[in-house]
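*Asks:* No gaps in the numbering here: position 151 of the sequence shown is 151 in the UniProt record's numbering, and each next residue is one more.
Idealized CB from N, CA, C, for every residue including glycine.
Nothing here was measured: the structure is a model prediction, and the numbers come from that model.
The structure under discussion is supplied below as structure tokens; questions concerning it will follow.
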Amino acid sequence: MAGNIEETLAALRHQIDSIDNEILDLLNRRAQVVIRVGAAKSGQGSDFYVPSREKAIYQRLTAANPGPFPNEGVRRVFREVISACLSLEQPMKVAFLGPPATFTHVAAMQQFGMSAHLVPQKSITAVFDEVIRGRAPYGVVPVENSNEGIVSHTLDMFMESDLQIIAEILLEVSHDLLSRSGRIEDVRKVVSHPQAIAQCRHWLEDNLPDVALVDVASTALAAQMVAEDESAAAIASEMAASLYDLRVVKQKIADNPNNFTRFLVIGKASPPRSGRDKTSVMFSVKDEPGILYRMLEPFSKRRINLSKIESRPLKKKAWEYIFFLDIEGHIAEDHVREAVEELRGYCQFLKVLGSYPSAR
């Protein structure tokens, strides 16, 4: 009986080896075609990274997938296939708000894959500067959290920059408690970014009520500090545990399990339509009665959904505000373009920040 089982396993493993060889051959055939695509793009001056094209690939493959291989697995596998192939066309350099192992780093990896050259920056301003100066064609910055709200510094940077939004990333944020020993009884202080500590406040009060809470600049820096301090624990990502050789004390300690952060990919030109897009604009309006109603009317009468409205004070004038809108649709669509142009008539200034594929 044991011999029959071994023979069956050997035959199945031989099939797997043969299939793997076929996959390898197909990957290399795909890479050869991608190299030809890169050569054609170079001749035309076209963008190498096209988020709408990637989205179409994922949608086509998941729709055609008969199983049992899961759709999320399909997306992850092809994320890395596309990333590796893009690196054959042109090295993909991406600036992100660092240090490594921050959630922005995780988001950048989710969007660009492991083959991209991801370069950490010390601030949101530095990410914008890298892209403006052409040292990196793309940057990744946080813009809002489902629990804590808007990242105001990112919105402020769009007031000073002509960069465009070319994609958005939605990342489920999972906070883990990490330490060198992995034992909760060894923890004498908890270190993390103040936003992460705030999102885990109830768990900390229930489980570590007498432990000191220490604010630092990022969750990744907290993990780096804890790697050198046996009495401390960090609230950070699973990636941080791997990078800094830490053990998990407790997984998923956030008070609200539905915790998502939205990130923006910034570049110098918006991508073409993908079929399911979002357009972001910023503007200031003349201060007069009924102006808030009139600024929304162009979208209401065309039945255009606004997925976000945000206001920020103008730094140069007291009690005057700049507004940010996220509009469903692409600026190349007639009804979206017409609504934005009608809004422009009420504005002191208006800038389209980009049209880009909506995240899943």
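If we count the other Cβ atoms within 10 Å of its Cβ and call it buried at 16 or more, is MET157 buried or exposed?
*Replies:* buried
*Asks:* My output table needs one value for GLY139: the three-state DSSP class, helix, strand or coil.
*Replies:* strand
*Asks:* Strictly by DSSP, which residues pair up with VAL214?
*Replies:* DSSP lists VAL191 as partners of VAL214.
*Asks:* Among ASP17, ALA11, GLU130, GLU89, whose alpha-carbon lies nearest the alpha-carbon of VAL37?
*Replies:* GLU89
*Asks:* Would you give the residue range spanned by the beta strand (DSSP E) that residue 365 belongs to?
*Replies:* Here the chain has residues from 1 to 360 only, and residue 365 is not among them.
*Asks:* With a Cβ-Cβ cutoff of 7 Å, do SER52 and SER274 count as a contact?
*Replies:* yes
*Asks:* Just the C-alpha distance for LEU325 and ASN147, rounded to the nearest angstrom, thanks.
*Replies:* 19 Å
*Asks:* State whether the segment 265-285 contacts the segment 222-234, with contact taken as three or more CB pairs (one from each stretch) at a distance under 8 Å.
*Replies:* no
*Asks:* Of the residues GLU7, ILE5, ILE82, ARG13, which one's Cα is nearest the Cα of GLN32?
*Replies:* ILE82
*Asks:* Do the segment 231-245 and the segment 190-197 meet, that is, are 3 or more Cβ pairs less than 8 Å apart?
*Replies:* Segments in contact, yes.
*Asks:* Bridge partners of CYS347, per DSSP?
*Replies:* VAL285, per the DSSP bridge assignment.
*Asks:* Over what stretch of residues does the beta strand (DSSP E) that includes PHE96 continue unbroken?
*Replies:* 93-97
*Asks:* Please confirm whether ILE165 and LEU353 have their CB atoms less than 7 Å apart.
*Replies:* Pairing ILE165 with LEU353 gives a Cβ-Cβ distance under 7 Å.
*Asks:* One question on the structure: do GLY134 and GLU80 come within less than 7 Å of each other, judged by their Cβ atoms?
*Replies:* no
*Asks:* Would you report the Cα separation of ILE23 and LYS351, rounded to the nearest angstrom?
*Replies:* 46 Å
*Asks:* Output yes or no for whether 7 Å exceeds the beta carbon distance between VAL173 and THR104.
*Replies:* no
*Asks:* Is it right to say ASP287 is buried, meaning 16 or more other beta carbons lie within 10 angstroms of its own, or is it exposed?
*Replies:* With fewer than 16 other Cβ atoms within 10 Å, it is exposed.
*Asks:* Quick one: grab the DSSP three-state call for GLN164.
*Replies:* strand
*Asks:* Go through its chain and collect everything with a Cβ distance to VAL143's Cβ below 6 Å, but skip five positions before and after it.
*Replies:* VAL151, THR154, ARG262, LEU264
*Asks:* By how many angstroms is the C-alpha of LEU343 removed from the C-alpha of GLU297?
*Replies:* Separation of GLU297 and LEU343 (C-alpha to C-alpha, rounded to the nearest whole angstrom) is 8 Å.
*Asks:* Within its chain, find whatever has a CB closer than 8 Å to the CB of ARG247; leave out the 5 residues flanking it on each side and keep chain order.
*Replies:* Within the same chain, ARG247 has close Cβ partners LEU178, SER179, ARG180, SER181, GLY182, ALA241.
*Asks:* Under 6 Å Cβ to Cβ from PHE283, same chain only, skipping five residues before and after it: list those, please.
*Replies:* PHE323, CYS347, LEU350
*Asks:* List the DSSP bridge partners of ARG247.
*Replies:* ARG247 is bridged by DSSP to SER179.
*Asks:* With 16 other CB atoms within 10 Å as the buried threshold, where does VAL340 fall?
*Replies:* buried
*Asks:* Could you say which of ASP17, PRO100, SER87, LEU86 lies nearest to THR219 if we only look at CA atoms?
*Replies:* PRO100
*Asks:* Can you tell me which residues form a DSSP beta bridge with residue 375?
*Replies:* Because the chain in this structure spans residues 1 to 360, residue 375 falls outside the shown range and cannot be described.
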